[in-house]
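*Asks:*
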Amino acid sequence: MTTEGKTKALETTLAQIRKRYGEGAIMRLGDSAGLDVEAIPTGCLALDMALGIGGVP
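For the sequence shown, the working numbering gives the first residue as 24, with consecutive numbering after it.
#1: Just the Cα atoms here: how many angstroms apart are L58 and T25?
#2: Extract the residue ranges of the alpha helix (DSSP H) inside the stretch 41-75, only unbroken runs of 4 or more that lie entirely within it.
#3: Does the distance from the CB of G75 to the CB of I63 come in under 9 Å?
#4: Give me, in chain order, the residues of the same chain whose beta-carbon lies closer than 7 Å to that of A48; leave out the 5 immediate sequence neighbours on both sides.
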């Protein structure tokens, strides 16, 4: 299978998954939906960074 064929197959599969389960069910690495979530800091910088949004939502 060529690279072009693999890319087309991947796009088709992603489209089918999105159609069945809805947008945001699957995405490519690096794509993001970009939600703006407010967070309450825990007071522990390492934990806030691990949570990824700077605290507890």
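Cβ atoms here follow ideal geometry from the backbone N, Cα and C, with glycine treated the same way.
Model, not experiment: these values are computed from the prediction.
*Replies:* Answer, in terms of the structure:
#1: L58 and T25: Cα-Cα distance of roughly 36 Å.
#2: If we require 4 residues or more, the alpha helix (DSSP H) runs fully inside the stretch 41-75 come out as 68-74.
#3: Taking a C-beta distance under 9 Å as the contact criterion, G75 and I63 do not qualify as a contact pair.
#4: So the qualifying residues of the chain are I40 and R41.
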